[in-house]
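Oh and the sequence shown: position 131 is 716 in my numbering, straight run, nothing missing.
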Amino acid sequence: MKLSFRWYGKEDAVTLRNIRQIPGMSTIVSAVYDVPVGDVWSRESIADLKRQIENEGMGFEVVESIPVHEDIKLGKRTRDRYIANYCENIRRVAEAGVKCVCYNFMPVFDWTRTELEHVLPDGSTTLAYYQEQVERVDPLKSDNDLTLPGWDASYSREELRQVAAEYQSMTEEGLWENLQYFLERVIPVSVECGINMAIHEDDPCWSIFGLPRIITNEKNLDRFLRLVDVPNNGITLCTGSLGCSGHNDVAAIAAKYAAMGRIHFVHMRNVAVLPRGEGFEERAHLSSCGTLDMYAIMKALYDNRFDGYIRPDHGRMIWGETGRPGYGLYDRALGAVYLNGLWEAIEKGDR
Ligand code: DNO
586 MKLSFRWYGK EDAVTLRNIR QIPGMSTIVS AVYDVPVGDV WSRESIADLK RQIENEGMGF
646 EVVESIPVHE DIKLGKRTRD RYIANYCENI RRVAEAGVKC VCYNFMPVFD WTRTELEHVL
706 PDGSTTLAYY QEQVERVDPL KSDNDLTLPG WDASYSREEL RQVAAEYQSM TEEGLWENLQ
766 YFLERVIPVS VECGINMAIH EDDPCWSIFG LPRIITNEKN LDRFLRLVDV PNNGITLCTG
826 SLGCSGHNDV AAIAAKYAAM GRIHFVHMRN VAVLPRGEGF EERAHLSSCG TLDMYAIMKA
886 LYDNRFDGYI RPDHGRMIWG ETGRPGYGLY DRALGAVYLN GLWEAIEKGD R
């Protein structure tokens, strides 16, 4: 495995120097944030990222994310222009030495939580999703002024309603068709430039606000991989996104797709799944802190010869740290160290 860490660029309170000091850290996961979704990234911005990362002795090999414009997901006529830009971005990051691109195909909302600072018994704070709170918020109702903390701040309230309204007639099958259209154009370019494309599962892995979500379980991942059946069309295995539903056996999923060579990137984090469909809370990485067996997942990857990138996913806020929810330094660094330990033990146990 290649240990990696997400960095939000110069504006990130966590510095590259901080990250470099985490044992075994080799790769930075980042993106260009200075242009709107759908535009072409400048070569200068990409080169600038690369230079900063390499100056700290690490490599820039994973992009998370090149975001997919809503017009592509909606299948609008304007999508061809955005797909052309997407392909151009793939070529440009490949020229800079990037090997893997993470993206998602979730309508309107990326990851969604109802609380960003839920206090755990030990005084740390974490991200949580309570179904009952989600049900009280409907972005399509004009008289509803409730909001959720994870929402994309780049949309005004009205724009959010408009874009969500455009999905009212979109079915899951429609979204599958639009995903296929996108992949048929983008994957050949990624093959040409040696980039592994890694779709991120929907988080949480079920429909919210009546919007379709399709990258949610093993059956749908099978269907996804068959849409364009080449190794470059792969997945980001996000343990927390799949694992927040008790129906997904994450270790079995990890084993299956690693054996097929279709997992290019892994987000490792633990969640506590609440009873009776009440939602979930993010927890420290250690297996005993949540529902997921992190050892079993790492072992499944190792046993099936996974050799891609892994990063510790969301951390809690601990030791008084404040900052971007889920993306502080301390708890993610503890996560990285734990992943190193698991991997070393599994590897040496195998000799
Ligand atoms: C959340 C992340 C996601 C992820 C995108 C990939 O913390 O895991 O926002 O980056 O879904 O496109």
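Idealized CB from N, CA, C, for every residue including glycine.
For clarity, every value in this text was computed on a predicted model and none was experimentally measured.
Which of the three DSSP states, helix, strand or coil, is assigned to S754? Reduced to three states, the DSSP call for S754 is helix.
Thinking just about the alpha-carbon of each residue, which of W928, C874 and L924 is nearest to the one in S709? For S709, the nearest C-alpha among the options comes from C874.
For V620, count neighbouring Cβ atoms within 10 angstroms of its own Cβ and tell me buried if that reaches 16, exposed if not. Per the 10 Å Cβ criterion, exposed.
Closest to I903 by C-alpha separation, out of D656, A836 and G911, would be which residue? For the residues D656, A836 and G911, the minimum Cα distance to I903 belongs to G911.
Mark P789 as exposed unless 16 or more other C-beta atoms lie within 10 angstroms of its C-beta, in which case mark it buried. Here P789 is buried. Its C-beta has 16 or more other C-beta atoms within 10 Å.
Bounding residues of the alpha helix (DSSP H) (the contiguous stretch that carries C672): Taken as a continuous stretch (DSSP letters only), the alpha helix (DSSP H) holding C672 covers R664 to E680.
Would you say G759 touches the ligand PLP, meaning its beta carbon is less than 7 Å from a heavy atom? In the structure shown, the ligand PLP is absent; the only ligands present are the ligand DNO.
Just to confirm, does L688 get its C-beta within under 7 Å of one of the non-hydrogen atoms of the ligand DNO? For clarity, residue 688 is Tyr in the given sequence; the question names Leu instead. Because some heavy atom of the ligand DNO lies under 7 Å away, the Cβ of Y688 counts as near it: yes.
Compare the beta carbon distance of L768 and N818 with 8 Å and say whether it is the shorter of the two. Yes, Cβ-Cβ distance for L768 and N818 is below 8 Å.
Kindly list the residues whose CB is nearer than 8 Å to the CB of Q637, restricted to its own chain and excluding five residues on each side of it in sequence; keep chain order. The beta carbon of Q637 sits closer than 8 Å to the beta carbons of K595 and L601 from its chain, once the five residues preceding and following it are set aside; these are given in chain order.
Ranges of the beta strand (DSSP E) found wholly within the stretch 610-672, counting only runs of at least 3: Listed in chain order, the complete beta strand (DSSP E) runs (minimum 3 residues) inside the stretch 610-672 are 612-615 and 644-649.
Three-state secondary structure assigned by DSSP to V776: V776: helix per DSSP, three-state reduction.
Option nearest V856 by Cα separation, candidates G900, V622, Y894 and A632: Minimum Cα distance to V856 is reached at G900.
Nearest by alpha-carbon distance to V625: which of A681, L634, A669 and M610 is it? Checked all of A681, L634, A669 and M610; the closest Cα to V625 is A669.
Under the three-state DSSP convention, the category Y593 falls into: If DSSP states are grouped into helix, strand and coil, Y593 belongs with coil.
What separation, rounded to the nearest whole angstrom, lies between the Cα atoms of F590 and V614? F590 and V614: Cα-Cα distance of roughly 6 Å.
For the ligand DNO, is there a heavy atom less than 7 Å away from the beta-carbon of W904? No, the Cβ of W904 stays beyond 7 Å of every heavy atom of the ligand DNO.
Three-way DSSP call (helix, strand, coil) for L796 in this model: In the structure shown, L796 sits in a strand (DSSP, three-state: E or B).
Would you kindly check if the distance between the Cβ of A749 and the Cβ of V693 is under 8 Å? Going by C-beta atoms, V693 is nearer than 8 Å to A749.
Could you check what DSSP says for K804 in three-state terms: helix, strand or coil? Helix.
By DSSP, does E929 sit in helix, in strand, or in coil? Of the three classes helix, strand and coil, the one that applies to E929 here is helix, per DSSP.
For P897, does the count of other Cβ atoms within 10 angstroms reach 16, so buried, or fall short, so exposed? Label assigned to P897: buried.
Cutting at 6 Å between CB atoms, please list the residues of its own chain near C687, excluding the five before and the five after it. Setting aside the 5 residues that flank it on each side, C687 is surrounded in the same chain by E649, S650, A783, H785, T821 and F850, each with a C-beta closer than 6 Å to its C-beta; the list follows chain order.
To which residues does DSSP link H785 through a beta bridge? Partner(s): T821.
Residue from G893, E932, Y740 and L806 whose Cα sits closest to the Cα of A837: Comparing Cα-Cα distances from A837 to each of G893, E932, Y740 and L806, the minimum goes to L806.
May I ask you to list the residues that DSSP assigns as paired with G864? In the DSSP assignment, G864 is bridged to Y715.
Residue closest to R742, alpha-carbon to alpha-carbon, out of V722, W761 and T756: Minimum Cα distance to R742 is reached at V722.
So, for S775: in the same chain, excluding its five sequence neighbours on each side, which residues have a beta-carbon less than 6 Å away from its beta-carbon? I675, M782 and N817, listed in sequence order.
Return yes when at least one heavy atom of the ligand DNO lies under 7 Å from the C-beta of C823, else no. Remark: the shortest separation between the CB of C823 and any heavy atom of the ligand DNO falls under 7 Å.
Using a threshold of 8 Å, state whether the C-beta atoms of G825 and V858 are closer than that. No, they are not a contact pair.
In angstroms, rounded to a whole number, what distance separates the CA positions of Y766 and D597? A straight-line Cα-Cα distance of about 35 Å links Y766 and D597.
My assumption, with CB atoms under 8 Å, is that I780 sits in contact with K635. Please give the rounded CB distance. Not quite, the Cβ-Cβ distance comes to about 15 Å (not below 8 Å), so this is no contact.
Of the listed residues T663, R664 and P706, nearest to R868 (C-alpha basis): Distance check between R868 and each of T663, R664 and P706 places P706 closest, using alpha-carbon atoms only.
Note down, in chain order, each residue of its chain lying with its Cβ closer than 6 Å to the Cβ of Y752, except the 5 sequence neighbours on either side. So the qualifying residues of the chain are P692 and L796.
Burial state of N640 (16 or more Cβ within 10 Å): It is exposed - the Cβ of N640 has fewer than 16 other Cβ atoms within 10 Å.
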